[in-house]
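K.L.:
Take a look at this one; I'll ask things after.
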Amino acid sequence: MSSTGYSSLQFSDVGDAINVEFSNFHFSNIVKDVIHTVTGLELSEENISSENGQDFACQISSIIMLVGYTNIMISLSMSKQTASTLVAFMTGMQYTEIDDADLHDGAAELANMIAGQVKARLAQGGRHLSTLPAFTIKGNNHDILHKSKISCVSKKFRTGDVLLLAKIFTMRS
Amino acid sequence: MGKKVLIVDDSPVIHIMLRKTLEKYGHTVCGDAKNGKEGVELFKALSPDVVFMDITMPVMDGLEAVRNIKQVNSDAKIIMLSAMGDEEIMSQAKELGVFVFLKKPFNDYKIISVLSMTE
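Chains as they are written, first to last, in this note's numbering: chain V, 331 to 503; chain X, 13 to 131.
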């Protein structure tokens, strides 16, 4: 089990949720690998200081769900500045060329790619899930929260001025 | 020699990412479609050498678009884009004559590698 970068774990039924090792190790590596592949940026994982895992102001969150033997929701939250940086690195666009639609689409695509990797990894263990379309939430200083009986792992990543909060929630079907 | 490429994907960011790489390596993006229906129409109008086709799109999805394109030209070279690693969809695509897949996330090397597989 990773010793850094996750908030308190809450499991109502570990047997029906994706396990701790997956949430802490594989999910973390998947996020870093996806971001690195499409942007070239190397993310480092950081400890999360607040109880809900959100200790910076988010302006854009992309969310995607996988459903099947269990239900998983993945969220990526970031500032507009981080989204601009990620989209600029993904596309080669200048910051001045990037509009809000590009930011929302880029954030959704990143969530889409991460979900695909999670799905593929779980499928290797014989666990098959379907993916729902990703969507994006925008708004200054918003939080993605969960009810108490849902297991949630939060991961914070940083490189330079890029700061990203990734969460994976698992719920029983 | 550079190829003439049609990109069919509902994500504008994916279009830009692919275009950036393709043009960097001497290929030409002759058309951009945001769904399968537009993709089929542009395929008929532009006769591209290769099509990059996403799977999940509104109006007409990638598999249906491939089916339509193959009716126009059974030798059409199509690269399926997927973030999902869905074996069943890949299986259906193979039955339609698609044998090259590019899984997201991708980088320059992966894009150019799969493009060379269509030769």
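Just so you know, even glycine gets a beta-carbon here, dropped at the ideal spot from N, CA and C.
The model shown is predicted, which means the values in this text are computed figures rather than measured ones.
#1: To the nearest angstrom, report how far apart Gly446/V and Pro117/X are at their CA atoms.
#2: Reducing DSSP to helix, strand and coil, say where Met93/X ends up.
#3: Give me the Cβ distance between Asp66/X and Lys15/X, rounded to the nearest whole Å; I'm assuming they're in contact under 8 Å.
#4: Identify the continuous alpha helix (DSSP H) that holds Ile81/X and give its terminal residues.
#5: Going along the chain, which residues of the segment 24-36 of chain X sit with their C-beta nearer than 7 Å to a C-beta in chain V?
#6: Of all the residues that make up the segment 102-129 of chain X, which are near chain V by a beta-carbon distance shorter than 9 Å?
#7: Please report how far the alpha carbon of Gly422/V lies from the alpha carbon of Leu433/V, in whole angstroms.
#8: In chain order, what residues of the same chain lie with their CB nearer than 6 Å to the CB of Met408/V, ignoring the 5 residues before and after it?
#9: Just to confirm the assignment, what range does the beta strand (DSSP E) spanning His472/V have?
#10: Output the residue ranges of the alpha helix (DSSP H) runs that lie fully inside the segment 393-470 of chain V and measure 4 residues or longer, sorted by chain position.
#11: When the Cα atoms are used, what is the spatial distance from Ile498/V to Phe386/V?
#12: Considering only the beta carbon of each residue, do Ser392/V and Thr466/V sit closer than 8 Å?
P.N.:
To lay it out plainly:
#1: Along the first sequence, one-based indexing puts residue 446/V at 116. Along the second sequence, one-based indexing puts residue 117/X at 105. Distance between the alpha carbons of Gly446/V and Pro117/X: 9 Å.
#2: One-based indexing of the second sequence puts residue 93/X at position 81. Looking at the sequence provided, one finds Leu at residue 93/X rather than Met. Looking at Leu93/X - three-state DSSP - the assignment turns out to be strand.
#3: Here residue 66/X is taken as the residue at index 54 of the second sequence, counted from 1. Here residue 15/X is taken as the residue at index 3 of the second sequence, counted from 1. About 18 Å separates the two Cβ atoms, so there is no contact after all.
#4: Walking along the second sequence from the start, residue 81/X turns up at place 69. Start and end: Gly74 to Val84.
#5: The segment 24-36 of chain X vs chain V, Cβ under 7 Å: Pro24, Val25, Ile26, Ile28, Met29 and Lys32.
#6: Lys115, Lys116, Pro117, Phe118, Asn119 and Lys122
#7: Residue mapping note: residue 422/V aligns to position 92 of the first sequence, counting from 1. Residue mapping note: residue 433/V aligns to position 103 of the first sequence, counting from 1. Their Cα atoms are separated by approximately 13 Å.
#8: By 1-based counting over the first sequence, the position of residue 408/V is 78. Once the five neighbours on either side are set aside, the close Cβ partners of Met408/V are Ile390 and Leu494.
#9: Counting from one through the first sequence, the residue named residue 472/V turns up at place 142. Start and end: Phe465 to His472.
#10: 410-421 and 430-454
#11: Taking the first residue of the first sequence as position 1, residue 498/V is located at position 168. Taking the first residue of the first sequence as position 1, residue 386/V is located at position 56. Distance between the alpha carbons of Ile498/V and Phe386/V is about 18 Å.
#12: Locating residue 392/V in the first sequence gives position 62, where the first residue counts as 1. Locating residue 466/V in the first sequence gives position 136, where the first residue counts as 1. Yes, these two residues count as a Cβ contact at 8 Å.
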